[in-house]
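Since the structure comes first, as structure tokens, the remarks are kept for the end.
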Amino acid sequence: MAKNTICVWYDKDAEAAARFYAETFPDSSVGAVHRAPSDYPSGKAGDVLTVEFAVAGIPCLGLNGGPAFKHNEAFSFQIATDDQQETDRYWNAIVGNGGQESACGWCKDKWGISWQITPRVLTEAMAAGGDEAKRAFDAMMDMRKIDVAAIEAARRG
């Protein structure tokens, strides 16, 4: 187990979420699935309690902790994309699998986890600063899924 692991709370579908992430993102996988040794407030002995998984190389632990805590945008996975095709692929996988769109490149999966699908061209524009960053930022503010061509055009002015 990694020294530092992100623990993500799920109601009851940690294993299904981990498998979806592993199928969707490169360098992602599902590791050990641990079952509860006895009953607990949100489940029974033998139910899946935790799932070790990685998302784009980042180690995570999915915990089936029950409905007590809900996800919000204070935590998100940010996935850097190289082009519109890759942006579309991840966005469509998340939104098309019971998720929902949000603004400025954010979406939620069907388990309520927030994702930022962020083309590198946007990150590069922001790093450039000045008028270029402002134009790219202003263009992004009107988007749901990021439009790479529109960000590139905004960068050029």
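Using the UniProt record's numbering, read the sequence shown as starting at 1 and increasing by one per residue.
Beta carbons: idealized from backbone N, C-alpha and C, even for Gly.
Computed from a predicted structure; not experimentally measured.
So, is residue i buried or exposed, given that buried needs 16 or more other C-beta atoms within 10 angstroms?
i	result
K108	buried
W157	According to the sequence shown, residue 157 is Gly rather than Trp. Exposed: under 16 other Cβ atoms inside 10 Å.
A18	buried
S38	exposed
Report yes if the C-beta distance between residue i and residue j is below 8 Å; otherwise report no.
i	j	result
Q84	V30	no
With DSSP collapsed to three states, give me the class of residue i.
i	result
W91	helix
E152	helix
T62	The question names Thr, but residue 62 in the sequence shown is Gly. It is a strand residue.
E73	coil
T24	helix
G130	helix
Closest to residue i by C-alpha separation, out of the options, would be which residue?
i	options	result
T5	I79, F75 and I58	I58
E73	I151, G98, A103 and D88	A103
H71	A153, F137 and I113	I113
T118	G130, G105 and G43	G105
D82	M1, E152 and C7	E152
residue 166	A128, A127, Q100 and A125	The chain is shown only over 1 to 157; residue 166 falls outside these bounds and no answer can be derived.
F20	L49, V33, I146 and N97	N97
D142	W91, D131 and A154	A154
G62	H34, P41 and G129	H34
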